[in-house]
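A.B. asks: Using this note's numbering, you'd call the opening residue of the first sequence number 192 and step up by one each time.
Structure provided below as structure tokens; questions to follow.
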Amino acid sequence: MERLVRPFFERYTPSVARELLGCLLVRRIGAKTISGKIVEVEAYRGSDDPASHSFRGATKRSAIMFGEAGHVYVFFSYGNHWCLNFTTEGKGQPGAVLIRALEPVEGVEEMVKNRGVSEEGRLTDGPGKLTKALSIDGSLNGEDAVTSKRLYVLGREAQVRISSSARIGISKGREQQWRYLVEGNPFVSKRVTRSR
DNA sequence: ATACTGATGGCCT
DNA sequence: GGCCATCAGTATA
């Protein structure tokens with residue numbers, strides 16, 4: 192499999208999001224490799240998307256979304272969890288794809304250790320869980336996934352069936368069906384849309 | 001099975 | 001002060 196290149200990310204965010212499904216997310220820490228197939232994502236854009244961090248323009252947190260596509264955007268959520276995104280579109284045109292769930296492929300023992308659990312099940316079926324499993328935190332914010340040795344994405348080998356829904360955990364922008372899942376994959380997040 | 005809640009911090013009004 | 005791109009635990013059925 193080939194690593195995803197810059198032009199892949201420099202497109203309309205929902206298209207990038209759909210095509211990230213089935214790709215392999217790779218995390219390398221020294222000699223160790225942890226990887227998983229991307230099975231659930233969400234697209235976030237800019238001034239047309241009230242659910243996005245970049246809706247009201249660039250802030251210290253969201254500045255990365257306004258920069259070059261293909262970079263890692265990691266933010267701290269609910270005071271407890273890190274969430275992983277890849278930036279999209281062009282400079283000045285903000286966008287990012289949130290990685291919501293993985294199907295573990297390599298380094299399962301390491302994931303178990305990082306998660307601090309005893310069982311193998313449900314290691315990466317949520318955005319906060321997969322960052323913990325892959326040891327991803329704010330120190331990777333801004334990393335260039337096109338050139339990084341620590342965190343990158345390999346293209347998919349086979350076509351996947353995709354279904355979509357409203358995004359999870361947001362109250363505005365629910366009209367967009369910008370959450371994408373690999374149809375029938377058991378590793379997608381189990382939480383259902385809140386009705387707040 | 002669903003429903004609610006505490007933890008905990010950054011960002012917004 | 002209120003609102004979150006969350007999760008694990010507890011309570012209730």
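Ideal Cβ positions, reconstructed from N, Cα and C, are used throughout, including at glycine.
1) With which residues is Lys223 paired in a DSSP beta bridge?
2) Quick one: Cα of Lys223 to Cα of Val230, how far?
3) Pick out the complete beta strand (DSSP E) segments inside the stretch 219-272, 3 residues or longer, and give them in chain order.
4) Tell me Arg197's beta-bridge partners as DSSP assigns them.
5) Beta carbon of Thr250, beta carbon of His262: below 7 Å?
6) Could you compute how far the alpha carbon of Arg194 sits from the alpha carbon of Leu325?
7) Using alpha carbons as the reference points, say which of Arg306, Gln367, Leu345, Gly237 lies closest to Ser355.
8) So, helix, strand or coil for Leu325, using DSSP?
9) Starting from the N-terminal side, write out each stretch of the beta strand (DSSP E) that is 3 residues or longer and does not extend beyond the stretch 303-363.
10) Under the rule that 16 or more other beta-carbon atoms within 10 Å means buried, what is Val196, buried or exposed?
11) Would you give the residue range spanned by the alpha helix (DSSP H) that Glu297 belongs to?
12) Under the DSSP definition of a beta bridge, which residues are partnered with Thr278?
13) Looking at the unbroken beta strand (DSSP E) that takes in Arg134, where does it start and where does it end?
14) In terms of residue numbering, what span does the alpha helix (DSSP H) encompassing Leu211 cover?
15) Among residues of its own chain, excluding the 5 on either side of Lys323, which ones have a beta-carbon nearer than 7 Å to its beta-carbon?
16) Around the Cβ of Phe199, are there at least 16 other Cβ atoms within 10 angstroms (buried) or fewer (exposed)?
17) For Val207 and Val288, what's the separation of their Cα atoms in angstroms?
18) Could you tell me which of Val308, Gly270, Leu293, Pro285 sits nearest to Asp240, measuring between CA atoms?
19) Is the beta carbon of Ala242 closer than 7 Å to that of Lys363?
20) Asp335 and Trp273 - do their beta-carbons sit closer together than 7 Å?
21) For Asn271, count neighbouring Cβ atoms within 10 angstroms of its own Cβ and tell me buried if that reaches 16, exposed if not.
C.D. replies: In terms of the structure at hand:
1) In DSSP, Lys223 forms a bridge with Ile220.
2) Distance from the CA of Lys223 to the CA of Val230, rounded to the nearest whole angstrom, comes to 22 Å.
3) List check, beta strand (DSSP E) in window: 223-235, 263-268.
4) Beta-bridge pairing links Arg197 to no other residue.
5) Not closer than 7 Å, so no.
6) The alpha-carbon atoms of Arg194 and Leu325 are separated by roughly 18 Å.
7) With distances taken between Cα atoms, Ser355 lies closest to Gln367.
8) Assignment of Leu325 by DSSP, reduced to helix, strand and coil, places it in the coil class.
9) Correct list: 342-345, 353-356.
10) Exposed: under 16 other Cβ atoms inside 10 Å.
11) Careful: Glu297 lies outside any alpha helix (DSSP H), inside the beta strand (DSSP E) at 287-297.
12) Answer is Ala287.
13) The requested residue 134 is not part of the displayed model; the chain covers only 192 to 387.
14) For Leu211, the enclosing alpha helix (DSSP H) covers residues 204-211.
15) Excluding residues within five positions, the ones whose Cβ falls inside 7 Å are Asn305, Arg306.
16) Counting other Cβ atoms within 10 Å of its Cβ, Phe199 reaches 16 or more and is therefore classed as buried.
17) In a straight line, the C-alpha of Val207 is about 8 Å away from that of Val288.
18) Nearest to Asp240 by C-alpha distance, out of Val308, Gly270, Leu293, Pro285, is Pro285.
19) A contact, by the Cβ cut-off of 7 Å.
20) Taking 7 Å as the Cβ cut-off, Trp273 and Asp335 do not qualify as a contacting pair.
21) It counts as exposed.
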